[in-house]
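Beneath this line is the structure, given in structure tokens, with notes to follow.
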Amino acid sequence: MLKFAGKRVGMMIISLFIIILITFIMMHAVPGGPFTRERELPEKVEKALNEKYKLDDSLPEQFFDYIKGLVRFDLGPSFKYQGITVNDFIENGFPISAKLGGVTLVFILLSAIPLGIWSALKNGRWQDGAIMLIATLGVTIPSFIVATLLLYLFSYQLNIFPTYGLESWQSYVLPVLALGGYSMAFIARLMRSSLLEVMGQDYIRTARSKGLSETQVVVKHGLRNALIPVITILGPTVANLLTGSFVIEKIFAIPGMGVYFVDSVGQRDYTAIMGITVFYATFLLVMTFIVDLFYLMIDPRIKLD
Amino acid sequence: MEPILQVKNLRTSFMTANGEVQAVRGVDFDLYPGEIVGVVGESGSGKSVMSMSILNLLADNAVIKDGDILYWGNSLLNFSKKEIRKIRGKEIAMVFQDPMSSLNPLMSIGKQIGEMIAVHNPELSKLEIKVQVLDLLKKVRIPEPEKRFNQLPNEFSGGMRQRVMIAIALACAPSVLIADEPTTALDVTIQDQILKLLRSLQEEMQMSILFITHDLGVVAETCTRVIVMYGGMIMEEAAIDDLFEQPIHPYTKGLMKSMPSINQDRKGELEPIPGSPPDMLGDFAGCPFAPRCKEARRICGKLLPPEVYLDPTHRVRCWLVTEQAKQIKISQDEVLTNNAGRGNNA
Ligand SMILES: Nc1ncnc2c1ncn2[C@@H]1O[C@H](COP(=O)(O)OP(=O)(O)OP(=O)(O)O)[C@@H](O)[C@H]1O
Ligand SMILES: [Mg+2]
């Protein structure tokens with residue numbers, strides 16, 4: 001177990017290093033610097049700024065400075081906002097995105113998996129048809145349209161839910177639906193098809209031939225096998241939800257990470273882009289690692305040596 | 001003696017997008033306590049569908065259209081879901097065709113065997129069950145039972161998995177064992193070991209076995225009586241010696257000529273039956289075997305032959321025999337009426 005964890009952590013560090021390197025190179029390959037304006041800055045000012053942010057050092061030097069900062073969890077100052085660090089962005093934005101994402105994730109898991117199971121067990125009947133129709137809509141309609149429709153219907157027409165912010169529990173309803181709709185529909189469909197496939201397997205017939213009740217067959221033999229593909233896509237889904245969606249945050253005026261990230265790209269805020277990318281990447285790698293641990297729990301065939 | 005299991009005019013179909021696949025088309029036979037009856041036939045002749053109909057373990061799109069299945073005279077088809085569950089495993093158990101896919105890949109062997117005992121004996125403790133499972137593992141000759149108990153199916157070879165399947169089937173000491181090609185997926189030496197094991201366990205436990213296979217050689221070594229199936233019907237049934245000494249149906253004869261295990265001494269003379277099995281969609285015109293039959297006459301392709309009893313234990317469904325039957329003084333009319341009201345002659 002420890003060996004497995006150690007190996008995985010080592011691989012994570014290597015992946016992370018490569019991601020940082022690539023982002024760094026790409027950032028410096030795009031034309032224009034952080035202080036490029038429509039109107040030229042006085043040469044003196046630009047020089048002073050470049051000096052302050054060490055932009056005149058050679059690229060390898062800059063890169064190693066950056067890595068040195070990272071080791072101390074220091075993502076550096078923002079190029080755009082005086083006196084604000086990239087860490088500040090993340091400390092402000094991430095808890096908000098993560099909270100919304102966490103609520104959405106719980107909502108998805110509690111709804112999509114049971115709905116998928118139910119749909120599979122009612123295969124071909126009207127319940128199945130209804131769930132799958134909605135799920136198909138859910139995976140085909142883009143989230144900004146869902147968000148707009150929800151806002152129009154529940155806020156402007158019916159006036160049940162607020163249109164922005166995350167102050168009360170009611171204000172969570174629409175963003176959670178808009179943010180989670182796609183994943184929920186996707187996971188419900190995956191859960192259904194996976195369980196249907198498993199229920200057609202020979203070992204399910206063996207279980208039935210023992211005299212187990214249908215519920216026992218599904219719970220003891222069907223679900224565990226059927227959950228494996230669902231767990232696989234849970235890693236990226238979790239990372240996706242928790243790191244915030246620019247579209248949803250913009251529409252519902254939620255000051256999360258997604259908004260910071262897109263703003264910093266628009267403004268060529270180098271350190272902010274780098275910092276948030278590195279943060280995203282780390283987060284994604286950690287989530288995949290956690291999902292792999294889940295895998296180990298559910299699939300005893302995976303042996304650790 | 002009263003038969004323990006009776007299958008009466010069983011018809012099982014699958015509703016598919018292409019139409020109704022009539023996999024079993026009126027099968028009748030009895031199984032008596034303590035006997036081993038073989039069911040042979042080429043691939044697709046309906047052996048598995050027939051055997052899965054008995055415990056109603058068929059796919060969702062299957063329908064039992066007609067007939068009955070009696071266990072000690074009680075119709076299993078009239079049983080409620082709960083009642084049939086009490087029969088499954090406890091009274092009638094099955095060993096399935098493919099040991100590689102018939103075990104849950106995520107559950108330890110010990111658990112999968114123990115589960116069978118636990119379902120039918122809810123009063124037993126975990127420890128008591130484990131003791132019984134270890135006993136069963138020894139009984140089916142799996143070495144190092146304590147170590148094997150916690151292992152997963154992927155740590156077992158095909159032959160070992162089939163032993164596990166047999167252990168599961170025998171866990172509740174059933175009265176009837178349906179073994180659906182228990183050795184087909186295995187290589188010859190392993191096949192031999194499994195057959196020996198089944199025979200010795202049968203002697204020890206005195207159960208009835210319905211032994212399904214497509215290998216007449218295996219039947220010769222194992223069974224007392226044989227049912228030959230083709231196109232979802234019984235073509236011939238006879239005591240084992242009768243069948244091998246005096247096969248009547250051209251299909252039975254063809255099977256014998258094509259079996260390597262019977263013809264070991266006459267190598268090079270293997271003769272597979274030309275042609276391929278019939279399409280099970282829709283009705284047959286005439287005998288299902290007629291298109292492949294070397295001895296077929298005009299009538300064979302037009303009218304389904306009746307079932308004729310040459311003697312109380314030997315029946316055949318073939319037009320060639322109805323003429324022989326005439327010679328033993330049964331008129332054509334009598335054969336047909338006999339056939340309509342038949343079922344208890346055996
Ligand atoms: N789920 C299903 N849907 C449609 N047709 C089926 C289904 N299961 C079986 N069949 C058809 O029923 C017929 C009989 O199949 P069955 O499996 O009983 O043959 P078998 O005698 O056991 O052959 P084998 O020796 O290959 O096991 C075949 O034509 C097969 O295609
Ligand atoms: Mg079969």
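Residue numbers (the working numbering), protein chains in the order written: chain A, 1 to 305; chain B, 1 to 346. Idealized CB from N, CA, C, for every residue including glycine. Just so you know, these numbers come straight off a predicted model, no measurement behind them.
*Taking C-beta to C-beta, are F211/B and I36/B nearer than 8 angstroms?*
The Cβ atoms of F211/B and I36/B lie closer than 8 angstroms to each other.
_Under 8 angstroms, with one C-beta from each stretch per pair, do the region 110-118 of chain A and the region 179-197 of chain A reach the 3-pair mark?_
yes
*Find the nearest neighbour of A5/A within the set I19/A, F24/A, Y172/A, V291/A, judged by alpha-carbon distance.*
V291/A
*Do the region 63-74 of chain B and the region 2-16 of chain B meet, that is, are 3 or more Cβ pairs less than 8 angstroms apart?*
yes
*With R148/B and S209/A assumed to form a contact (beta carbons below 8 angstroms), what rounded beta-carbon distance in angstroms separates them?*
S209/A and R148/B do not touch by the CB rule: their CB atoms are close to 22 angstroms apart, not below 8 angstroms.
*Which residues in the same chain have their Cβ closer than 6 angstroms to the Cβ of E249/A, if we skip the five residues on either side of it in sequence?*
Apart from the 5 residues on each side of it in sequence, E249/A sits with its Cβ closer than 6 angstroms to the Cβ of G256, G258, V259 in its chain, given in chain order.
_So, for C223/B: in the same chain, excluding its five sequence neighbours on each side, which residues have a beta-carbon less than 7 angstroms away from its beta-carbon?_
Only I36, V37, G38, F211, I240 meet the Cβ criterion.
*Whole angstroms is fine: what's the gap from E334/B's alpha carbon to Q162/B's?*
A caution first: E334/B carries a pLDDT of 43, below 50, which makes its placement in the model unreliable, though a value can still be read off. Straight-line Cα distance between these residues: approximately 47 angstroms.
_Uninterrupted alpha helix (DSSP H) stretches inside the region 55-106 of chain B (no shorter than 4 residues)_ = Runs found: 81-87.
_Tell me which residues share the same chain as I194/B and place their Cβ nearer than 8 angstroms to its Cβ, disregarding the 5 neighbours each side in the sequence._
For I194/B, where only same-chain residues beyond five positions count, the Cβ hits under 8 angstroms are G159, Q162, R163, I166, P182, T183, L186.
*Using a Cβ-Cβ cut-off of less than 7 angstroms, give me the residues of the region 3-16 of chain B that come near chain A, in sequence order.*
The residues in question: there are none.
*Of the choices E144/B, Y32/B, R298/B, E91/B, whose alpha-carbon is the least far from that of Q109/B?*
This sequence places Ile at residue 109/B; Gln is not what is there. The shortest Cα separation from I109/B among E144/B, Y32/B, R298/B, E91/B belongs to E144/B.
*Write down every uninterrupted run of the alpha helix (DSSP H) in the region 48-101 of chain A whose length is 4 residues or greater and which is fully enclosed by it, in chain order.*
59-71
*Taking 7 angstroms as the cut-off, does the CB of S48/B come closer than this to any heavy atom belonging to ligand 2?*
yes
*Would E167/A be called buried (16 or more neighbouring beta carbons within 10 Å of its own) or exposed?*
Exposed is the call here.
*Buried versus exposed call for Q191/B [16 or more other C-beta atoms within 10 Å across all chains shown]*: buried
*Put I302/A into one of helix, strand or coil per three-state DSSP.*
coil
*Using a beta-carbon distance below 8 angstroms, is H120/B in contact with chain A?*
yes
*C-beta neighbour in chain B for T206/A, strict 8 angstroms*: Proximity of T206/A to chain B, defined by a Cβ-Cβ separation below 8 angstroms, is satisfied.
_Any non-hydrogen atom of ligand 2 closer than 7 angstroms to E181/B Cβ_ = yes
*How would you list, in chain order, the residues of chain A whose beta-carbon sits under 8 angstroms from the beta-carbon of M233/B?*
Near M233/B there are no residues of chain A at all, since even the closest Cβ is about 24 angstroms away, more than 8 angstroms.
*Candidates L234/A, L179/A, F289/A: closest to T104/A by CA position*: L179/A
*May I ask you to check if the CB of Q97/B is nearer than 7 angstroms to at least one heavy atom of ligand 2?*
If you check the C-beta of Q97/B against ligand 2, you find a heavy atom less than 7 angstroms away.
_Proximal residues of chain B, C-beta to C-beta of L212/A below 8 angstroms_ = Within chain B, the residues near L212/A are R85, E115, V119.
*Pick from T282/A, G200/A, F154/A, L296/A: whose alpha carbon is nearest that of M11/A?*
T282/A
*Would you say S203/A reaches chain B, if we count a Cβ-Cβ gap shorter than 8 angstroms as a contact?*
The amino acid at residue 203/A is misidentified as Ser; the sequence shows Tyr. So, interface residue.
*By the 10 Å Cβ neighbour count, where 16 or more other Cβ atoms means buried, how is N240/A classified, buried or exposed?*
N240/A should be labelled buried.
*Does D292/A come within less than 8 angstroms of chain B when only Cβ atoms are used?*
no
*Do G244/A and H120/B have their C-beta atoms closer together than 8 angstroms?*
no
*Would you say A185/B touches ligand 1, meaning its beta carbon is less than 7 angstroms from a heavy atom?*
no
*Starting from P105/B, find everything on chain A with Cβ-Cβ shorter than 8 angstroms and list it in chain order.*
The answer, in chain order, is Y203, N225, R301.
_Using 8 angstroms as the threshold, is the C-beta distance between F154/A and L174/A below it?_
yes
*Distance between Q246/B and P288/B (C-alpha atoms, nearest Å)*: 22 angstroms
*asked:* My output table needs one value for Y309/B: the three-state DSSP class, helix, strand or coil.
replied: strand
*Report the rounded CA-to-CA distance for E221/B versus L227/A, giving the unit in angstroms.*
45 angstroms
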